[in-house]
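Down below is the structure, laid out as structure tokens.
Numbering (the UniProt record's numbering), first residue to last: 1 to 642.
Laid out in structure tokens, this is it:
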């Protein structure tokens, strides 16, 4: 019997279904399906598209056929058909020479909603995903193109089909982990679950395509179930030692909060290691500080910091930071280092210092261009990069107004015109107008491949390419001009400054969990978020000194706070924590404490910013609490550390 005679298509299934309904005997249809689905070669020859382009499988025909099968086939036969397809896929895992047939079979099976519903049968879905994971990358990419190709002109577009496919995979993981949690008292580990692992690998294929086609926002790849079941103490060793499955190898499924937690655990582990090492070295080599201690004069904060950090080894830098201002008492439990970062960031970004320049329209800072490439002040730029790394390592949020382009460059992501739009909107608009101009560019603009830049009062003329002054701007080369101009602003003009900055940053943030972050997430990690959810803060706040959430003064406090304007809430947050922005994960992650500081009094509220503790007297009225609180937060000013 020829293989084509036992494959199936919509016409065959409709004919057999009608015959079975007439006789009330489903054996002919069941046997034909079992035969076709029991062999990957036969299944691949089913539902063949007439034109073979762009997808060789007629997905519309397959969908209609599966509608008939689902509605009319006995449930036990449908279950057996699923099992047969599962065995067929398993047998085809090692058939590299028949990858195209494997791809066709997978496309067909994906057209049956029941077969990809983990609530119906997760065994077939496991085999589907394992088959996909075992394909070569070119074959994986080809398969996804087939799966998201619209079946006809009236079908959903590529983006909608892509989102649907991604949702199927997300739901598969959610259903698997939720089901296993429901039948077990213990939290389910995803690290030994073949379905979770293989579905995650399939999501990786979609992520790779999305990086090229931009169907959905990167946050659409976050998987809530994985983030809820993440075991950091399992994941990090697996990732570092390459001894097992790790979601750090698939970081797109992890949200920024989970990644920040991973980085925090890794940093704390490294600090403890350096602490223990320091104690052992002290036993044999004399006094050795277990901390990275900086003794700083306020009036010389940059020079003192630069000089002292230059003397430190990489092991010193990985210790927990302690800052002491010369001539001042106080043990740094976090509050002093927050103030240190506040002050030094303020000075480094002061326009008078000349390292960074603020764009008046975007209000964002960028390296002061240095077309002469003299390399001056590179030590200060290295210091700025190291300070960013120290802040990340010690979990301090900074008030940095830098464009996303900086974080992209730190992560090795290419930058261009889209990034220039954020940094210098006016220049980007001018370049876009040039691209859209349909007239004679050479006659209208009369420009060459040279640009003028002003730095420290001097105007520099720079070639965008060799002999740029002799190359006229024309309709034919305007795209090249725009590309070179944008890259000159973001790359070439500040190359030595950025290289020094990156060198400082990578002293601490190179071979660690920072690499699992996207540039957007790095920005959140360093700068926090301006989204202040005080409802979440109230729910997570703990109380000390005998107070509870039901104490009258606590009820009054939150009533007052929820009436505050956004700016007043920022001031309160800064007063109590030393930061007016939320950490990654929101204010609910802040570990905020309100503590009793005695009976009714005229004393103002105070705070321990190092511990995120607000101290309140038990004021005898809501009005007095409001007045005392407003007085305190209105006089708590600062710059730099948020």
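The beta-carbon is built from N, C-alpha and C at its ideal position, and this holds for glycine as well.
A direct Cα-to-Cα measurement between residue 42 and residue 196 gives close to 29 Å.
Using a Cβ distance threshold of 9 Å, residue 320 and residue 578 do not count as a contacting pair.
Secondary structure at residue 30: helix, using DSSP grouped into helix, strand and coil. Rounded to the nearest whole angstrom, the C-alpha separation of residue 466 and residue 378 is 26 Å. Nearest Cα to residue 81 within the set 36, 217, 303 and 463: 36. Looking only at 32, 106, 26 and 329, the smallest Cα-Cα distance to residue 12 is reached by 32.
Exposed is the label assigned to residue 307, since fewer than 16 other Cβ atoms lie within 10 Å of its Cβ.
Non-local C-beta neighbours of residue 312 in its own chain, meaning closer than 6 Å and more than five positions away in sequence, are absent. Annotation: residue 78 to residue 72 spans about 10 Å, alpha carbon to alpha carbon.
By the Cβ rule, the segment 421–434 does not count as touching the segment 543–554, because fewer than three pairs are nearer than 8 Å.
Here the segment 342–354 lies against the segment 298–306, with 3 or more beta-carbon pairs under 8 Å apart. Residue 516 sits buried, since 16 or more C-beta atoms from the chains shown fall within 10 Å of its C-beta. Under DSSP, residue 514 shares a beta bridge with no residue. DSSP lists 365 as the bridge partner or partners of residue 358.
Under DSSP, residue 472 takes part in a beta bridge, and its partners are 448. With fewer than 16 neighbouring CB atoms inside 10 Å of its own CB, residue 599 falls in the exposed class.
Considered as a whole, the segment 43–122 harbours 59–72, 75–91 and 99–109 as its complete alpha helix (DSSP H) runs of no fewer than 4 residues, in chain order.
By the beta-carbon neighbour count (other beta carbons within 10 angstroms, threshold 16), residue 126 is buried. A contact is defined here as three or more CB-CB pairs under 8 Å, and the segment 540–550 fails this definition with respect to the segment 485–492. With respect to the C-alpha of residue 529, the residue from 406, 398, 164 and 434 having the closest C-alpha is 398. Cβ atoms of residue 226 and residue 173 come within 8 Å of each other, at about 6 Å. Closest by C-alpha distance to residue 440, out of 591, 457, 475 and 574, is 475. Annotation note: the segment 145–223 contains the following uninterrupted alpha helix (DSSP H) runs of length 4 or greater, listed N- to C-terminal: 158–182 and 194–213. With at least 16 other beta carbons inside 10 angstroms of its own, residue 296 counts as buried.
One alpha carbon belongs to residue 363, the other to residue 417, and they sit about 18 Å apart. Rounded to whole angstroms, the separation of the alpha carbons of residue 561 and residue 542 is 16 Å.
Secondary structure of residue 240 (DSSP, three-state): helix.
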